[in-house]
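Asks: Starting off with a structure, shown below.
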Amino acid sequence: QLPGGKSKTLHGRFLHITDIHPDPHYKTGSSAADVCHSGKPDKKKDTATRFGVAMNGCDSSMDLMEYTLKWVEDNLKDKIDFVVWTGDNIRHDNDRKIPRTESQIFELNEEMAHKFEKMFRRPNSADPRDFAVDVVPSLGNNDVFPHNLFSLGPTLQTREIYNMWSNFVPQEQQRAFARGTSFFVEVIPGKLAVLSIQTLYLYKANPLVDSCNSKKQPGYQLLLWLGYVLEELRSRNMKVWLTGHVPPILKNYEESCYHKYTLWTNEYRDVIIGGLYGHMNMDHFVPVDGKKSWKAIDAT
Amino acid sequence: SNAKTQEIPDYAEDEDDFVEFDKLLESAVEASDVRIMGAKPVNKGAYMDSVREMYYKKIASRMADVSTSGKNKKNKKKNGKKKKKKDGSIDRYSIVNIAGSVIPTFNPAFRVWEYNISGLDSEFQSGSFQIKGWDDFFQKLEVNMERDLRDEEKDQKWSNIFQNNRINNKVDKSIPTRMPADLNSGPGYTPQLFSPTRFIQYYADLETIEKNYKKALKDGSTEDDAATTAFEYQVEYSSDDEPYRMKSLLTKDYIKLAVKLAKYDELWDKYTERAFLSTGYTD
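Read top to bottom, the protein sequences are chains A and B. 269 is the number that this note's numbering gives to position 269 of the first sequence; each next residue is one higher, with no gaps. Throughout, this note's numbering is defined as the position within the second sequence, counted from one, plus 1000.
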């Protein structure tokens, strides 16, 4: 039983889904050599099939996206407590004939957000934020325009993203979100939270990221926000999953950002359960070492 | 380079790691640049090998050293120098889970995590905790962050004037303080409420789906019926499946697994098969 007369049934299960990359230009029967947009395939492996061919370099067909979400709805929706959704909901910018535009990126992200809302919201509730299964999205490097480049807000982009995710982001976090596009959801109120981290502020490939050492840097400000939030969660005796698109490994993050982020994850190990990320499309785990990061920080 | 020239023995163990790491992951960067444009997977095997070398094998070697030094109680001197005691604690590690994707870079995939919720219902029923709002916190957060960020220009001016002075040593709030010693490790380290216990990795075997789809069409189904019949996600593996069964998903379980993956090639082969979502990918 939750405040406000609401209730929630817990299953002890949650879903992590990432990098859906639906491509509205995907054409069944076209050539993978032409990124499944056009052309005549010259062999069987080159043919864009309805649900796609693994490793042929194409994005997801709209059918792959639709049937994936339908499968989740039919088979998992009633068995999970929350969804961690770590971004990249847009096709790659890999076809010179059809370059991506900012409005297309917003539109498809909005469409995806609607799909998740529709699937996991309580159907009969008048409150648009009333989810049977909470959804915690985060932004991928392909969800922003230009590709990889994302600055601190408030900007047009952060406003658009808030509009798309307004039902996912708790109302009291609106201002903080407008600045840093990070937020958290109490998936079990007072007990368990999921933090959505704007990893692009730590990401080496974001041209606006130089380091995490100056107060003007987006990464520095993100870490400051993270610190205050983690400390508050600690004081409330809550536990938390860290989630985001780009995983914190040395080759992805600017070095000072990597070490500082690793330190936060490690020094709040009483609060943090673990980290869930996407971006690399491979299923694996990396143990990051807090002790090494202390040494690296001390040395510099 | 300063660190190298100074006598800081505690740093020596890891000093070369980052250099080596950079070299080994160079191929991964190239692969990543290609991947940004959504191309076919390239050098992913090399990347996984570098993860094995730079993370799993380092951990295995550290753990082996710890167990050896545990057996020889005296810290023996080697080449006249006192051998540094290795730190085998699990607490120094945090686990980064990197997921398979829906985009068919390999087979489409997602994961369902299971976690411990036992005792939660009785705690809720007893009303032993209060749910506190967040409005106050966020109002204060805004004020605090503004204050923390306000002095950038002043800081730079002073730090230029007082190079190496203690004014330069002021607190950098983007770095955490050490975890207080009186706090217990959380659910990622010791079994308790919210500890992850198991995961199930789902994948869509695109080759089989295409075969079944075509067969259903051949048998006279409509395109939509054929798609509904053919398309499905199935369990690829669970964390407690052989050949490297994980009893739970605490940090110590991942570290144990990292050590096994470092040591045994046959386990490593299975691990990479799963990393590439059972596509059989090789570089």
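Ideal Cβ positions, reconstructed from N, Cα and C, are used throughout, including at glycine. Quick caveat, the model's predicted, so the values are computed rather than measured.
Going by DSSP, what residue range makes up the beta strand (DSSP E) through Pro218 of chain A?
Replies: As a first step, residue 218 of chain A is located in the first sequence; it is residue number 218 there, counting from the start. It is not in any beta strand (DSSP E) - Pro218 of chain A instead sits in the alpha helix (DSSP H) that spans 218-235.
Asks: Which term fits Glu1266 of chain B, buried or exposed, when burial requires 16 or more other beta carbons within 10 angstroms of its beta carbon?
Replies: Translated into positions along the second sequence, residue 1266 of chain B becomes position 266. Burial call: exposed.
Asks: Please list, in chain order, the residues of the stretch 1202-1220 of chain B that have any C-beta partner in chain A closer than 8 Å.
Replies: Taking 8 Å as the Cβ-Cβ cut-off against chain A, the residues of the stretch 1202-1220 of chain B that qualify are Ala1204, Leu1206, Glu1207, Ile1209, Glu1210, Tyr1213.
Asks: Please classify Leu1183 of chain B: is it buried, with 16 or more other beta-carbons within 10 angstroms of its beta-carbon, or exposed?
Replies: In the second sequence, counting from the first residue as 1, residue 1183 of chain B sits at position 183. Burial call: exposed.
Asks: Taking only three categories from DSSP, how would you classify Gly180 of chain A?
Replies: Within the first sequence, the letter at position 180 stands for residue 180 of chain A. The answer is helix: DSSP assigns Gly180 of chain A an H, G or I state.
Asks: Are the CB atoms of Ile20 of chain A and Val1112 of chain B within a distance shorter than 8 Å?
Replies: To locate residue 1112 of chain B, count along the second sequence from 1; it is residue 112. To locate residue 20 of chain A, count along the first sequence from 1; it is residue 20. Cβ atoms of Val1112 of chain B and Ile20 of chain A: not closer than 8 Å.
Asks: May I have the straight-line CA-CA distance separating Phe150 of chain A from Ala113 of chain A, to the nearest angstrom?
Replies: As a working mapping, residue 150 of chain A is identified with position 150 in the first sequence. As a working mapping, residue 113 of chain A is identified with position 113 in the first sequence. Near 20 Å, if we compare the C-alpha coordinates of Ala113 of chain A and Phe150 of chain A.
Asks: Checking contacts by CB at 8 Å: is Ile312 of chain A closer than that to chain B?
Replies: Outside the modelled stretch of chain A, which goes from 1 to 300, sits residue 312 of chain A, for which no answer is possible.
Asks: At a cut of 8 Å, does the stretch 208-225 of chain A reach the stretch 266-285 of chain A through at least three beta carbon pairs?
Replies: Output reads no: the stretch 266-285 of chain A does not touch the stretch 208-225 of chain A.
Asks: Would you list the residues sitting across from Leu192 of chain A in a DSSP beta bridge?
Replies: Walking along the first sequence from the start, residue 192 of chain A turns up at place 192. Answer is A:Ile188, A:Lys239, bridged to Leu192 of chain A.
Asks: Since Ser60 of chain A meets chain B, which of its residues come closer than 7 Å, beta carbon to beta carbon?
Replies: One-based indexing of the first sequence puts residue 60 of chain A at position 60. By Cβ distance, chain B contributes Val1102, Ile1103, Pro1104.
Asks: Under 9 Å, CB to CB, which of the residues in the stretch 1172-1187 of chain B have a partner in chain A?
Replies: Listed by position, the residues of the stretch 1172-1187 of chain B near chain A (Cβ gap below 9 Å) are Asp1172, Lys1173, Ser1174, Ile1175, Pro1176, Thr1177, Arg1178, Met1179, Pro1180, Leu1183, Asn1184, Ser1185, Gly1186, Pro1187.
Asks: Please report the residue range of the alpha helix (DSSP H) in which Gly275 of chain A lies.
Replies: Counting from one through the first sequence, the residue named residue 275 of chain A turns up at place 275. First-last for Gly275 of chain A: 272-277, but that is the beta strand (DSSP E), not the alpha helix (DSSP H).
Asks: How do the stretch 170-178 of chain A and the stretch 1128-1145 of chain B stand: do at least 3 beta-carbon pairs fall below 8 Å, yes or no?
Replies: The stretch 170-178 of chain A is in contact with the stretch 1128-1145 of chain B.
Asks: Cβ of Lys1260 of chain B within 8 Å of Cβ of Asp1253 of chain B?
Replies: Translated into positions along the second sequence, residue 1260 of chain B becomes position 260. Translated into positions along the second sequence, residue 1253 of chain B becomes position 253. Not closer than 8 Å, so no.
Asks: Skipping 5 residues on each side, what residues in its chain have a beta carbon closer than 7 Å to that of Ser1027 of chain B?
Replies: Here residue 1027 of chain B refers to the residue found at position 27 when the second sequence is read from its first residue. Note on Ser1027 of chain B: pLDDT 48, under 50, position unreliable in the model; the coordinate value appears next. Excluding residues within five positions, the ones whose Cβ falls inside 7 Å are Asn1043, Ala1046, Tyr1047.
Asks: Interface residues of chain B around Thr155 of chain A at Cβ under 8 Å?
Replies: Counting from one through the first sequence, the residue named residue 155 of chain A turns up at place 155. Within chain B, no residue comes near Thr155 of chain A; the closest Cβ sits about 17 Å away, beyond 8 Å.
Asks: Which residue marks the beginning of the alpha helix (DSSP H) containing Ala1204 of chain B, and which one marks its end?
Replies: What you label residue 1204 of chain B is simply residue 204 of the second sequence in a count that begins at 1. Note, Ala1204 of chain B: premise wrong, no alpha helix (DSSP H); not H, not E.
Asks: At which residues does the alpha helix (DSSP H) containing Arg1286 of chain B begin and terminate?
Replies: The structure shown does not extend to residue 1286 of chain B, since chain B is modelled only from 1001 through 1283, so no value can be given for it.
Asks: If you measure from the beta carbon of Cys36 of chain A to each beta carbon in chain B, is any gap under 8 Å?
Replies: One-based indexing of the first sequence puts residue 36 of chain A at position 36. So, not an interface residue.
Asks: How is Phe82 of chain A classed by DSSP in three states: helix, strand or coil?
Replies: Here the question's residue 82 of chain A lines up with position 82 in the first sequence. Strand.
Asks: Alpha carbon to alpha carbon, what distance is there between Trp1134 of chain B and Asp1283 of chain B?
Replies: One-based indexing of the second sequence puts residue 1283 of chain B at position 283. One-based indexing of the second sequence puts residue 1134 of chain B at position 134. In a straight line, the C-alpha of Asp1283 of chain B is about 50 Å away from that of Trp1134 of chain B.
Asks: Where do the ends of the beta strand (DSSP E) carrying Val13 of chain A lie?
Replies: Against the first sequence, residue 13 of chain A aligns to sequence position 13. Reading off the sequence shown, one finds Arg at residue 13 of chain A, where the question assumed Val. First-last of the beta strand (DSSP E) with Arg13 of chain A: 13-17.
Asks: What's the gap between the Cα of Leu1277 of chain B and the Cα of Ile98 of chain A?
Replies: Against the second sequence, residue 1277 of chain B aligns to sequence position 277. Against the first sequence, residue 98 of chain A aligns to sequence position 98. Their backbone Cα atoms lie some 30 Å apart in a straight line.
Asks: Should Val1096 of chain B be labelled buried (16 or more other beta-carbon atoms within 10 Å of its own) or exposed?
Replies: Locating residue 1096 of chain B in the second sequence gives position 96, counting from the first residue. With 16 or more Cβ atoms within 10 Å of its Cβ, Val1096 of chain B is classed as buried.
Asks: How would you call Asn148 of chain A, buried or exposed, if buried means at least 16 neighbouring beta carbons within 10 angstroms?
Replies: Walking along the first sequence from the start, residue 148 of chain A turns up at place 148. Counting Cβ neighbours within 10 Å, Asn148 of chain A comes out buried, since at least 16 surround it.
Asks: If the criterion is Cβ atoms closer than 8 Å, does the pair Leu202 of chain A and Leu224 of chain A meet it?
Replies: Within the first sequence, residue 202 of chain A is the residue found at index 202, counting from 1. Within the first sequence, residue 224 of chain A is the residue found at index 224, counting from 1. Going by C-beta atoms, Leu202 of chain A is not nearer than 8 Å to Leu224 of chain A.
Asks: Taking three-plus beta-carbon pairs below 8 Å as touching, is the stretch 57-67 of chain A in contact with the stretch 30-44 of chain A?
Replies: Cβ pair count under 8 Å is three or more, so yes.
Asks: 8 Å is my cut-off, CB to CB: does Ala1227 of chain B come that close to chain A?
Replies: What you label residue 1227 of chain B is simply residue 227 of the second sequence in a count that begins at 1. Answer yes: the Cβ-Cβ gap between Ala1227 of chain B and chain A drops below 8 Å somewhere.
Asks: Just to confirm, is the Cβ distance from Val136 of chain A to Val194 of chain A under 8 Å?
Replies: Sequence index remark: in the first sequence, residue 136 of chain A carries index 136 (1-based). Sequence index remark: in the first sequence, residue 194 of chain A carries index 194 (1-based). Result yes, Cβ atoms of Val136 of chain A and Val194 of chain A sit closer than 8 Å.
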